[in-house]
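Asks:
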Amino acid sequence: MPRHWLLRTRKGALAVLLLASCVGLAFAEGPQRTPSIFAPASTPAGQIQSLSWFVLEITGSIFVVVGGLLTFVVIRFRARDTDDNREPAQIYGSNQVELAWTVIPVLIVVVLFLTTARVIFAIQDAPKPKAALDVTVVGHQFWWEYRYPDLGIVAANELHVPLSSTQDPKPTYLQLLSADVDHSYWVPQLSGKVDLIPNHPNELWIDPLHPGVYLGQCAQFCGVQHANMLLRVYVDTPDQFAAWVKNQQQPGVQDPAVAAGRRVFETQACMNCHAVRGTAATGRFGPDLTHLMSRDTIASGAVPNTSGNLRQWIKNPDSLKPGSLMPAMQLSDTQLDQLTAYLETLK
Amino acid sequence: MADRTLPIHGALDLTPPREREGTILDTLHDWVVTVDHKKLGIMYMILAIFFMLVAGAEAICIRIQLALPDNHFLSPQVFNRFFTMHGTTMVFLTGIPLIFGFANYMVPLQIGARDMAFPRLNAFSFWVTLFGGLLLYYSFLGGSGLYGMGNAPDVTWWAYAPLTARAFSPGHATDYWALALIVTGIGTLGAAVNVIATVISMRCKGMTLMRMPLFTWLMLVDSGLLLVTITPLTAAQVMLVIDRYLGGHFFDTQAGGSALVWMHFFWIFGHPEVYVLVFPAFAIASEVIPVFSRKAIFGYPAMVAASVGIAFVSLGVWAHHMFTVGMTSVSNTFFVLSTMLVGIPTGIKIFNWLATMWGGKIRFQVPMLFCTAFLFQFLAAGLTGIMLSVAPWDWQLHGSYFVIAHFHYILVGAIVFNTFAGIYYWFPKATGRMMNQTLGKWHFWLFLIGFHVTFDTMHFVGFEGMPRWIYTYPADRGWSHLNLVISMGGIIQGIAVLIFAYNLLSSLFVGKIAGNDPWDAWTLEWSTSSPPPDYNFATDPVVGSRRPLWDLKHPEDPDWKYEA
């Protein structure tokens, strides 16, 4: 029976050593969704992980050797009570020794540098396949806008991408823009982070190899609610993704039963910032709400998308995400109920 | 003893300071108007320690907020202000004043001078720095403008554009931040010029550059580096103020300005600044380790060369803070290489300290305890620095708690530890009294434990994807227990620092009388009385080697025979 990879390799042994404490603690906390950089699910994240194990081995060895020498010196050459009071032999230096501990680090740097350079070019300058999906990501204070130019979809906060595989690569290329200040796109299991900087478009690619939800968040301070600018990436199987695309391409549902709520939406300030395709609402400051109910969370991942949270969010956004740029709309209870009912039809 | 014209009769007041005291007002007046390098050095130290306590209290509040997931101890607004103020204070009002506290007090004594080259500039620099600090903290009261009291800068200590534009940072908090850094910057430049001039022109007879104590060498290089790096910072702050008040568009991205330009300006200052801050730690280690190992420093010329080398290379590495901003693969590769190169002279320094201890008879008194811990911690910090220089890995680690752990390993594990070492080491010289060694050991061990509980753990929470600057985090990320551990370590460090503060104050009054040379050391400052008289030396000293007091104590085997 093949042993677990952790026990099979030297890297594995190091992994056990390094992560024992935190993994142990993490399990003790019950079901967790830790976005660990050592649990890659995409090629760039995987390449970074292999490189990082290599660097850890080298730096770890240096620490053991030099730290060991230091420990030896501290124990062996400590002053003892039994010492005579004579000063130890004075040694002023040695050119040979200096040369040795200059040349050896130079060699180590050469090795580390060449290995690093290879991975930089492999990730940054990877050729873009024809089958790649393009998504434009726009960072806002404090939420994410996703536009799929080829599919005619505008979504927010929850990114859906197709599953890729080594046989049939279907990577997703993210064009990173910012509407206001600097942000940074970081989903550790899928790739390293790249910043979203106004006037400075950037690019990032992922090719997720396992379906599921991957968590991350904004990694460049962007204002009051930087902490709740959370990222959720849904990696869908081809069928799931096709179904999701089909639904997102529809205009907003128009249910006569909630016409009152829609009237509130269109007569209050909501439509200044939010869009619902197929209606008069075309605002772009806030997230597109055409398919609000297809999302698991609201407020950029801050709270689950439940009826109660939705109503609370409209009533007083600060109670869920203090400092969020959405104003409290001062609606009556009836208007709140009507509006919530309308939003809940936007599947 | 060449210059027999000194002392000019009556110029040197040798009465012990204690017998000269008048009323409290007289003493106060004495300190406010002083241009004496020793008094200014002590005032710089008090300034640094005061702001360290303030910024430390901010850190403790930050850690209480993060101890539990979804905690409500601090609001997001207050949290953001606290970490901005913590960083800004520690770098500009603790780190830099510490340099000049030590440099002011020790450099003239070590080179056998009567004072700094420009005593009035020295006083001016100190008061301007203090004023800058007060300006920064006044923002808590006056930063509000029209937006209500209780404001303060909340843009991180990097203050990336365009978050600092008036559109995103209304009110005056950001202005106080920019102006405070311009003002303290003027103080820093003045003090740096002064140290350079002093070292170049005030050395006593026989004190060639290659006979200067390494401490003085490092302060010289440090001041040179400060001159080069504070300038772009000040320029950037001026541009920011122009943007905010005169309609400039340097960093205003909505009018075609560039956010990247700010980053380049900031980091061409910001990275060398790290070395600026760590050089005093090197300086202290280079004095304490030889004295407590009872050996001459190993490879003195290599140590000097390594210091100068680090300073030069550090000017070409700034964009390793920008691996994630979308530079080309070629630029990224260049900065990987330049960053890794810093590891070589840094390694040389560690090896030379190690070799100095090798074969010695190491006395583990409190200063040496701190320096020993420094060596281990600095080694680890250097190695995590190598990890961060690996650009692809930095794409993961940048902006995470791993980075916080890395630079606190430098800033606390190296700089604060050695600052404590330096204070325990030179307190007897400055006050005439020893600090309590038992309390010192309690301070050391508690601080060591607290430091490792906090900052070792931070590396792991960074591996698990926790970004910095977040005021709260969801409970399901697996970060909760680790954060609780980190916060508890912070409390332990806080207790240790309180013990230190108590030790500092009580030793001032009841400490054992030290005598001139309590550690049996070798540099010139130990040849004069403790505390040294005004103008330091009754006659201008003449030195023949790097360890003038060794030569005096061992006339049968003096150093100058062996120094090339």
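Going down the list, the protein sequences come from chains A and B.
For the first sequence, the working numbering begins at 12 and goes up steadily by one.
For the second sequence, the working numbering begins at 2 and goes up steadily by one.
We put the CB at the ideal spot given by N, CA and C, even for glycine.
1. My output table needs one value for GLN196/A: the three-state DSSP class, helix, strand or coil.
2. If we count Cβ pairs, one from each stretch, closer than 8 Å, do we get three or more for the stretch 226-238 of chain A versus the stretch 198-215 of chain A?
3. Taking all protein chains shown into account, do 16 or more other C-beta atoms lie within 10 angstroms of the C-beta of PHE232/A, making it buried, or fewer, making it exposed?
4. Between which two residues does the alpha helix (DSSP H) carrying GLY490/B extend?
5. Going straight from the alpha carbon of THR165/B to that of ASP155/B, what length do you get?
6. Please report the straight-line C-alpha distance between GLY57/B and THR345/A, rounded to a whole angstrom.
7. I need the DSSP call for THR293/A, collapsed to helix, strand or coil.
8. Output needed for PRO315/A: all residues of its chain with C-beta closer than 7 Å, excluding positions within five of it in sequence on either side, in chain order.
9. Quick check: the stretch 91-102 of chain B against the stretch 162-179 of chain B, are at least 3 beta-carbon pairs closer than 8 Å?
10. Bridge partners of GLN228/A, per DSSP?
11. Quick one: does PHE283/B have its CB under 8 Å from some CB of chain A?
12. Quick one: does the C-beta of ARG295/B sit closer than 7 Å to a heavy atom of the ligand ADP?
13. Which residues, in order along the stretch 402-430 of chain B, keep a beta-carbon less than 7 Å from a beta-carbon of chain A?
14. Just to make sure I have the definition right: I need the residues of chain A whose C-beta is within less than 9 Å of the C-beta of SER308/B. Which are they?
15. Which chain B residues are close to ASP206/A, counting only those with a beta carbon under 8 Å from its beta carbon?
16. Is the shortest distance between the beta-carbon of TRP443/B and the beta-carbons of chain A less than 8 Å?
17. Entirely within the stretch 89-168 of chain A and at least 4 residues each: give me those alpha helix (DSSP H) ranges in chain order.
18. What's the gap between the Cα of ASP552/B and the Cα of SER546/B?
19. Is GLN346/A helix, strand or coil by DSSP?
20. Starting from GLN6/A and walking both ways along the alpha helix (DSSP H), at which residues does that stretch end?
21. Strictly below 8 Å CB to CB, what residues from chain A border PHE377/B?
22. What first and last residue would you give for the beta strand (DSSP E) that runs through VAL205/A?
23. Just to make sure I have the definition right: I need the residues of chain B whose C-beta is within less than 8 Å of the C-beta of VAL149/A. Which are they?
24. I'd like to confirm the pairing. Which residues does DSSP put opposite ARG434/B in its beta bridges?
25. Is the shortest distance between the beta-carbon of GLY545/B and the beta-carbons of chain A less than 8 Å?
26. Spell out the partners DSSP gives SER294/B in its beta bridges.
27. Of the choices ILE134/A, SER195/A, ALA190/A, ASN96/A, whose alpha-carbon is the least far from that of VAL326/B?
28. Cα separation between LEU384/B and TRP263/B?
29. Give the secondary structure of ALA37/A by DSSP, where H, G and I count as helix, E and B as strand, and everything else as coil.
30. Would the beta-carbon of ASP223/B fall within 8 Å of that of PHE280/B?
31. Report the residue from TYR184/A, LEU62/A, ILE208/A whose alpha carbon sits nearest the alpha carbon of ILE217/A.
32. Rounded C-beta distance between ALA415/B and PHE379/B? I'm assuming under 8 Å.
33. Residues in the same chain with beta-carbon distance under 6 Å from THR157/B, minus the five sequence neighbours each way, listed in chain order, please.
34. Using a Cβ-Cβ distance under 8 Å, would GLU156/A count as near chain B?
35. Starting from ASN213/A, follow its DSSP beta bridges and name the residues at the other end.
36. Using a Cβ-Cβ cutoff of 9 Å, what residues of the stretch 165-191 of chain A are near chain B? List them in chain order.
Replies: Well, looking at it:
1. Per the sequence presented here, residue 196/A reads as Tyr, with Gln not at that position. Of the three classes helix, strand and coil, the one that applies to TYR196/A here is strand, per DSSP.
2. By the Cβ rule, the stretch 226-238 of chain A counts as touching the stretch 198-215 of chain A, because three or more pairs are nearer than 8 Å.
3. Classification of PHE232/A: buried, given that the 10 Å Cβ count is 16 or more.
4. Unbroken alpha helix (DSSP H) run through GLY490/B: 481-511.
5. THR165/B and ASP155/B have their C-alpha atoms roughly 9 Å apart.
6. Our two residues, GLY57/B and THR345/A, have alpha carbons roughly 50 Å apart in a direct line.
7. Strand, per DSSP.
8. Closer than 7 Å at the Cβ level, and outside the excluded window around PRO315/A, lie ASP307, THR308.
9. Between the stretch 162-179 of chain B and the stretch 91-102 of chain B there are fewer than three C-beta pairs closer than 8 Å, too few to call the two in contact.
10. The bridge partners DSSP lists for GLN228/A are LEU241/A.
11. Any Cβ of chain A closer than 8 Å to the Cβ of PHE283/B would place that residue at the interface, and such an atom is absent.
12. The model depicted lacks the ligand ADP and carries no ligand whatsoever.
13. Those would be none; no residue qualifies.
14. Chain A residues near SER308/B: none, gap ~14 Å exceeds 9 Å.
15. Neighbours of ASP206/A on chain B, chain order: THR325, VAL326, GLY327.
16. Not one chain A Cβ lies under 8 Å of TRP443/B.
17. Runs found: 106-135.
18. Roughly 8 Å between the two C-alpha positions.
19. Note: GLN346/A maps to helix in three-state DSSP.
20. The structure shown does not extend to residue 6/A, since chain A is modelled only from 12 through 358, so no value can be given for it.
21. Going along chain A in sequence order, the residues near PHE377/B (Cβ under 8 Å) are GLY78, LEU81.
22. Secondary structure note for VAL205/A: its beta strand (DSSP E) is the uninterrupted segment 205-207.
23. None at all; the shortest Cβ gap to chain B is about 14 Å.
24. For ARG434/B, which the question treats as bridged, DSSP gives the partners ILE514/B.
25. Taking 8 Å as the CB threshold, GLY545/B stays off the interface with chain A.
26. When DSSP reads this structure, SER294/B sits in no beta bridge, so it has no partner.
27. From the listed residues ILE134/A, SER195/A, ALA190/A, ASN96/A, the smallest Cα separation to VAL326/B is found for SER195/A.
28. One C-alpha to the other measures close to 29 Å.
29. In this predicted model, ALA37/A has a pLDDT of only 46, less than 50, meaning its place in the structure is not dependable enough to derive any value.
30. Cβ distance < 8 Å, so ASP223/B and PHE280/B count as in contact.
31. Ranking TYR184/A, LEU62/A, ILE208/A by Cα distance to ILE217/A puts TYR184/A first.
32. Between PHE379/B and ALA415/B the Cβ distance is about 5 Å, and since that is below 8 Å, they are a contact.
33. THR85.
34. GLU156/A does not count as touching chain B.
35. Residue pairing by DSSP places ASN213/A opposite LEU187/A in a beta bridge.
36. Taking 9 Å as the Cβ-Cβ cut-off against chain B, the residues of the stretch 165-191 of chain A that qualify are LEU187, SER189, ASP191.
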